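In the working numbering, the protein residues as written are -13 to 440.
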Ligand code: GDP
Ligand code: ZN
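Spelled out as structure tokens, the structure:
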């Protein structure tokens, strides 16, 4: 069966007859068996069902007649042809029904996008998140968030408008607590979104480091096949290589990047730029260094010097560092390296040898544990913390809102008047998600890839 919806423009009642020859079924929201007849020729085109949705209690808030007819191509085209003869009928544009519903105020932008995401949902979790959006749960969550921000703004404006004595003490402290809570709520949803994205498209793990330290060897070790070219000529990996694999039950997209060093070679420099870009976009990056190149033995004590030019690109503090080529160190030094590594200010570090396999087992086990803990793999508990955001546009505006709130917190002890602006912007960012603000910019984009008939 094919459903054909007809939106009928109101026809002025004909003089002398209280009920014009109305083709609409007498009672709304009931199925009627009907014959579809060409109004010009009187020919019967099909037999089907008709339902009349009376506005404003219809999807678009307008009167809608839905015809359920047989789906054969000839049937559908003859009916569409007959409808095209009517002066008030034309084919709907993609997403037009939803757009009309939106214009009538029947739904906000998050619900509109929910419909789109629902139609395109490929996984169970995408379906669940999209369905919540269509039901208005994202809208409700956002509108509460926005109300809370505006409340804070109200308090801050009171601070500005009235002299200090008129105002209760501690108002600003109260506002700070409230904004912290707002930030926490946003961050929770953003991290849920991030987790969902990782489950969908894989965690982006980038291998980086100077040339010739064993990056490609590590990549191959993960890939367990000769995916990257391993040579002893520095600067061999000139572009970014990628493979998809699973680490600790998590889908991972692993990237091998060009060794980062000063170079006059144009092609190599492009590779290094791509490497830097990939490291920026990675969820997690793993720096590989060659142990013999970074250790210094002074008075019998082993010191490790992390290369500065790399630290400039990406702070070591938030990185995992893999010290490779442990086999090249004398046994005594190799043992002391462990103590030196523990002193480093890094997220995690291991000393291994990709050639002999020393330390690789422990490294993989710990990496699995880290990934599972950080990006957990939706455990049953996690499902409870309701995932609301499944749409990249929403997460972008939420991130912006979070930045404005942070700016407010950073400046509110100084010039409150300026700080208040940040809260206003934060509220605006939320309003952009639901379509209360700046809606014209996004409508065409959103409806462009909607399917016809929705
Ligand atoms: P990349 O330039 O960082 O990608 O480094 P490669 O993976 O291409 O390795 C550079 C050289 O180091 C190659 O000759 C490897 O065989 C060698 N190599 C890699 N891992 C080890 C290791 O654990 N010990 C030793 N001795 N050599 C290694
Ligand atoms: Zn390489």
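Backbone N, C-alpha and C define an ideal beta-carbon position, used for all residues, glycine too.
Computed from a predicted structure; not experimentally measured.
For residue 24 and residue 83, I'd like the C-alpha separation in whole angstroms. Looking at the backbone, the Cα of residue 24 and that of residue 83 are separated by about 25 Å.
Span separating the alpha-carbon of residue 274 from that of residue 360: 21 Å
Using a 10 Å radius around the Cβ and a threshold of 16 neighbouring Cβ atoms, would you call residue 138 buried or exposed? buried
Residue 203 beta carbon near the ligand GDP (any heavy atom closer than 8 Å): Because some heavy atom of the ligand GDP lies under 8 Å away, the Cβ of residue 203 counts as near it: yes.
Have a look at residue 335 and residue 320 and give me their C-alpha separation to the nearest angstrom. 14 Å
Helix, strand or coil: which one does DSSP assign to residue 253? helix
With DSSP run on the structure shown, which of helix, strand or coil describes residue 436? If DSSP states are grouped into helix, strand and coil, residue 436 belongs with coil.
Beta-carbon gap between residue 241 and residue 228 smaller than 9 Å: Closer than 9 Å, so yes.
DSSP-derived helix/strand/coil call for residue 192: strand
Between the alpha carbons of residue 454 and residue 20, how many angstroms are there, rounded? Since the first residue of the chain shown is -13 and the last is 440, residue 454 is not available in this structure.
Residue 411 - containing alpha helix (DSSP H), residue span: 402 to 420
Counting only runs that start and end within the region 260 to 292, where is the alpha helix (DSSP H) found for 4 or more residues in a row? 277 to 280
CA-to-CA distance, residue 317 to residue 311, given in whole angstroms: 12 Å
Answer yes if the region 160 to 177 comes into contact with the region 376 to 396, meaning at least three C-beta pairs across the two stretches below 8 Å, and no otherwise. yes
Is it true that the region 197 to 206 meets the region 264 to 278, where meeting means three or more beta-carbon pairs spaced less than 8 Å apart? Contact between the region 197 to 206 and the region 264 to 278 is present: three or more C-beta pairs spanning the two stretches fall below 8 Å.
Going by beta-carbon coordinates alone, are residue 105 and residue 440 separated by less than 9 Å? yes
Helix, strand or coil, according to DSSP, for residue 54 in the structure here? strand
Would you mind giving the Cβ-Cβ distance between residue 384 and residue 269, rounded to the nearest angstrom? I have them listed as a contact below 8 Å. In fact, because the Cβ distance is near 18 Å, the residues do not count as touching under 8 Å.
With the cut-off set at 9 Å, would you say residue 112 and residue 186 are in Cβ contact? yes
Assign residue 146 to one of three DSSP states: helix, strand, or coil. helix
Please report the Cβ distance between residue 307 and residue 332, rounded to the nearest whole angstrom; I am assuming they are in contact, meaning their Cβ atoms lie under 8 Å. 5 Å
Proximity to residue 378 [Cα-Cα], best of 96, 67, 41, 70: 96
For residue 399, count the other beta carbons within 10 Å of its own beta carbon; 16 or more makes it buried, fewer makes it exposed. Which is it? exposed
Measuring alpha carbon to alpha carbon, tell me which residue in 436, 405, 419 is nearest residue 140. 405
Closest to residue 411 by C-alpha separation, out of 380, 260, 135, would be which residue? 135
Contact check, residue 234 vs residue 357 under 8 Å by CB: the rounded distance? 5 Å
Which runs of the beta strand (DSSP E) at least 3 residues long sit entirely within the region 19 to 81? Give them in chain order. 30 to 39, 50 to 55
Contacts around residue 40, its chain only, beta-carbon distance under 8 Å, and the 5 residues preceding and following it disregarded: 14, 15, 49
Using a threshold of 9 Å, state whether the C-beta atoms of residue 179 and residue 54 are closer than that. no
In the structure shown, what three-state DSSP assignment does residue 202 receive? helix
For my contact list, residue 421 and residue 94 are in at a C-beta cut-off of 8 Å; report their separation, rounded to the angstrom. Yes, residue 421 and residue 94 are in contact; Cβ-Cβ is about 5 Å, under 8 Å.
Would the beta-carbon of residue 340 fall within 9 Å of that of residue 436? no
Please find out if some non-hydrogen atom of the ligand ZN comes closer than 8 Å to the beta-carbon of residue 197. yes
Using only CA atoms, which one of 292, 313, 33 lies nearest to residue 305? 292
Taking DSSP as the reference, what is the three-state secondary structure of residue 310? Secondary structure at residue 310: strand, using DSSP grouped into helix, strand and coil.
Within 10 angstroms of the Cβ of residue 426, are there 16 or more other Cβ atoms? Answer buried if so, exposed if not. exposed
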